[in-house]
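K.L.:
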């Protein structure tokens, strides 16, 4: 057994009565950033990365933001970067992230690049005193993530890690139900996330074991570890089995299936399974299921990333399972016909993730999930890898 617990950096408070923990959320109007914008003005934003994700997530989300404007993009391919900038009406484009960071034209940076580049780009941005929103996983190693966290704290800037799944309406309602005591004392948690990413033809870097940060544990496991902590609180120990089941021509395959058994500080137990090798029968190629069991009840989530977004529950002593529709106060007008339409409406119009991040900066509030949370997830990933390569040993974290 290896002990990672001594190196934990925690930034949490205990919710009274139910054992859940959550990172500190500031009261409205409190000052959380040395470099927070005083008064209201447009925050100039740069984006490093011109992938489909930047095109599908960040540019649409910030297109009509009242307090932030994308003024520059940066990418490796000169023609693609120019076309990307022209498509979105971004005035400047760069091919060198250092040139963008030191240009003096931006106050904040979005890092939407390959996992292995998060650390050098983010560290350069923090050296320049920029606020940073970084894709998950925060880094390749816990040591890198911790260094990024410490530098951000010293700089007094806002940080955020893009754990997108916490913002979906069903996920937010599950958290409300847990906080309300629907299941009582948490006993068990079972979370399953399957995609067909490893089956796609052609070279995909996430399938290549030689690439830093490849594999399902970094890709989907980072989301699941963050959500598990958000739902049930701190994880104190885990064991992990992972394997590369599919083979890929030309390179050794990265893990495409992983299962973690985790122990929470509140005494509950969880099983977190992630896979990239399933035919999921829908265009996005993903399905998610979650089961929550406690002293007073059970909650079930089914999310197929096509048309099904369903929460059901049963209270202790009941003979049937009830549907638990997500309240309109959480939908906030988002379309409910398909999960992808819901996702687009949530991230493009609601006060979440990128939109929330820049409003936090403008108001002088800290942001969450921040780099400290990203570093903790990185620590758990590292512990899971250690377990998997050492006979699925138990690791105290």
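Numbering (this note's numbering), first residue to last: 9 to 405. Idealized CB from N, CA, C, for every residue including glycine. The structure displayed is predicted, hence computed values, not measured ones.
In whole angstroms, what separates the C-alpha of residue 251 from that of residue 212?
P.N.:
Against the chain shown, residue 251 aligns to sequence position 243. Against the chain shown, residue 212 aligns to sequence position 204. So the two alpha carbons sit approximately 17 Å from each other.
K.L.:
Put residue 55 into one of helix, strand or coil per three-state DSSP.
P.N.:
Translated into positions along the chain shown, residue 55 becomes position 47. Reduced to three states, the DSSP call for residue 55 is strand.
K.L.:
Among the candidates 384, 129, 400, 402, whose CA atom is the shortest distance from the CA of residue 151?
P.N.:
Stepping through the chain shown from its first residue, residue 151 is reached at position 143. Cα-wise, what sits closest to residue 151 is 384.
K.L.:
Which value, in whole angstroms, describes the spacing of the CA atoms of residue 349 and residue 83?
P.N.:
As a position in the chain shown, residue 349 is number 341, starting the count at 1. As a position in the chain shown, residue 83 is number 75, starting the count at 1. One C-alpha to the other measures close to 28 Å.
K.L.:
To which residues of the same chain is residue 329 closer than 6 Å at the C-beta, ignoring the five residues directly before and after it?
P.N.:
The residue you call residue 329 lines up with position 321 of the chain shown. 320, 322.
K.L.:
Nearest-angstrom Cα distance between residue 299 and residue 94?
P.N.:
Along the chain shown, one-based indexing puts residue 299 at 291. Along the chain shown, one-based indexing puts residue 94 at 86. The alpha-carbon atoms of residue 299 and residue 94 are separated by roughly 45 Å.
K.L.:
Is the region 233–251 in contact with the region 267–287, if contact means three or more CB pairs nearer than 8 Å?
P.N.:
Touching, yes.
K.L.:
Compute the Euclidean distance between the alpha carbons of residue 367 and residue 237, then round it to the nearest angstrom.
P.N.:
Locating residue 367 in the chain shown gives position 359, counting from the first residue. Locating residue 237 in the chain shown gives position 229, counting from the first residue. The alpha-carbon atoms of residue 367 and residue 237 are separated by roughly 25 Å.
K.L.:
Using a Cβ-Cβ cut-off of 6 Å (strictly less than) and excluding sequence neighbours within five positions of residue 220, which residues of its own chain qualify?
P.N.:
Along the chain shown, read from residue 1 onward, the residue named residue 220 stands at position 212. Taken in chain order, the residues that qualify are 124, 148.
K.L.:
Which of the three DSSP states is assigned to residue 302 in this structure?
P.N.:
For the purposes of this step, residue 302 is identified with residue 294 of the chain shown, where counting begins at 1. In the structure shown, residue 302 sits in a strand (DSSP, three-state: E or B).
K.L.:
Taking only three categories from DSSP, how would you classify residue 7?
P.N.:
This structure cannot speak to residue 7, because the chain is shown only from 9 to 405.
K.L.:
With the cut-off set at 8 Å, would you say residue 347 and residue 402 are in Cβ contact?
P.N.:
Counting from 1 along the chain shown, the entry for residue 347 is found at position 339. Counting from 1 along the chain shown, the entry for residue 402 is found at position 394. Result no, Cβ atoms of residue 347 and residue 402 do not sit closer than 8 Å.
K.L.:
Measuring alpha carbon to alpha carbon, tell me which residue in 138, 143, 170 is nearest residue 162.
P.N.:
What you label residue 162 is simply residue 154 of the chain shown in a count that begins at 1. The candidate whose alpha carbon is nearest that of residue 162 is 138.
K.L.:
Can you give me the C-alpha to C-alpha distance between residue 203 and residue 292, rounded to a whole angstrom?
P.N.:
Sequence index remark: in the chain shown, residue 203 carries index 195 (1-based). Sequence index remark: in the chain shown, residue 292 carries index 284 (1-based). Residue 203 and residue 292: Cα-Cα distance of roughly 8 Å.
K.L.:
Under a three-way DSSP split, which group does residue 198 fall into?
P.N.:
By 1-based counting over the chain shown, the position of residue 198 is 190. It is a strand residue.
K.L.:
Are the CB atoms of residue 4 and residue 309 nearer to each other than 8 Å?
P.N.:
Shown here, the chain extends from 9 to 405; a query on residue 4 therefore has no answer.
K.L.:
Buried or exposed, going by whether 16 or more other CB atoms sit within 10 Å of the CB of residue 135?
P.N.:
Position 127 of the chain shown, counted from the first residue, corresponds to residue 135. So residue 135 counts as exposed.
K.L.:
When the Cα atoms are used, what is the spatial distance from residue 179 to residue 352?
P.N.:
As a working note, residue 179 is residue 171 in the chain shown. As a working note, residue 352 is residue 344 in the chain shown. Using only the alpha carbons, I get a separation of about 15 Å.
K.L.:
Is it buried or exposed, residue 377, if we count other Cβ atoms within 10 angstroms and call 16 or more buried?
P.N.:
Against the chain shown, residue 377 aligns to sequence position 369. So residue 377 ends up on the buried side.
K.L.:
Go to residue 154, then tell me how far its alpha helix (DSSP H) extends in each direction, as first and last residue.
P.N.:
Looking up residue 154 in the chain shown gives position 146. Residue 154 -> alpha helix (DSSP H) spans 150–163.
K.L.:
How many angstroms separate the CA atom of residue 265 from the CA atom of residue 72?
P.N.:
Locating residue 265 in the chain shown gives position 257, counting from the first residue. Locating residue 72 in the chain shown gives position 64, counting from the first residue. The alpha-carbon atoms of residue 265 and residue 72 are separated by roughly 39 Å.
K.L.:
What does the Cβ neighbour count give for residue 214, buried or exposed, with the cut at 16 atoms within 10 Å?
P.N.:
The sequence position of residue 214 within the chain shown is 206, counting from 1. Buried is the call here.
K.L.:
Just how far apart, CA to CA, sit residue 307 and residue 164?
P.N.:
The residue given as residue 307 occupies position 299 in the chain shown. The residue given as residue 164 occupies position 156 in the chain shown. Whole-angstrom Cα-Cα distance: 40 Å.
K.L.:
Buried or exposed: which applies to residue 327, given that a residue is buried once 16 or more other Cβ atoms fall within 10 Å of its Cβ?
P.N.:
Within the chain shown, numbered from 1, the residue matching residue 327 stands at position 319. Exposed is the call here.
K.L.:
May I ask you to report which of helix, strand or coil DSSP gives residue 262?
P.N.:
Position 254 of the chain shown, counting from 1, holds the residue named residue 262. Looking at residue 262 - three-state DSSP - the assignment turns out to be coil, as it is neither helix nor strand.
K.L.:
If you drop the 5 nearest sequence neighbours on each side, which residues of the same chain put their C-beta closer than 6 Å to that of residue 177?
P.N.:
The sequence position of residue 177 within the chain shown is 169, counting from 1. Hits under 6 Å: 334, 338, 339.
K.L.:
Where does residue 60 land, buried or exposed, given buried means 16+ other C-beta within 10 angstroms?
P.N.:
Counting from one through the chain shown, the residue named residue 60 turns up at place 52. Classification for residue 60: exposed.
K.L.:
Judging by CA-CA distance, which residue of 394, 141, 216 is the nearest neighbour of residue 364?
P.N.:
For the purposes of this step, residue 364 is taken as residue 356 along the chain shown, with counting starting at 1. Of 394, 141, 216, the residue nearest in Cα terms is 141.
K.L.:
Alpha carbon to alpha carbon, what distance is there between residue 325 and residue 129?
P.N.:
Counting from one through the chain shown, the residue named residue 129 turns up at place 121. Counting from one through the chain shown, the residue named residue 325 turns up at place 317. Answer to the nearest angstrom: the Cα atoms are 54 Å apart.
K.L.:
Locate the alpha helix (DSSP H) running through residue 369, then write down its first and last residues.
P.N.:
The residue labelled residue 369 in the question sits at position 361 within the chain shown. First-last of the alpha helix (DSSP H) with residue 369: 361–371.
K.L.:
Quick one: grab the DSSP three-state call for residue 388.
P.N.:
Position 380 of the chain shown, counted from the first residue, corresponds to residue 388. If DSSP states are grouped into helix, strand and coil, residue 388 belongs with the helices.
K.L.:
Please state the DSSP three-state secondary structure of residue 381.
P.N.:
The residue you call residue 381 lines up with position 373 of the chain shown. In this structure, residue 381 counts as helix in the three-state DSSP scheme.
K.L.:
What is the residue span of the beta strand (DSSP E) that residue 100 lies within?
P.N.:
Within the chain shown, residue 100 is the residue found at index 92, counting from 1. That run of the beta strand (DSSP E) goes 100–102.
K.L.:
Taking its Cβ as the centre, do 16 or more other Cβ atoms sit within 10 Å of residue 115, making it buried, or is it exposed?
P.N.:
Your numbering for residue 115 matches position 107 in the chain shown. With 16 or more other Cβ atoms within 10 Å, it is buried.
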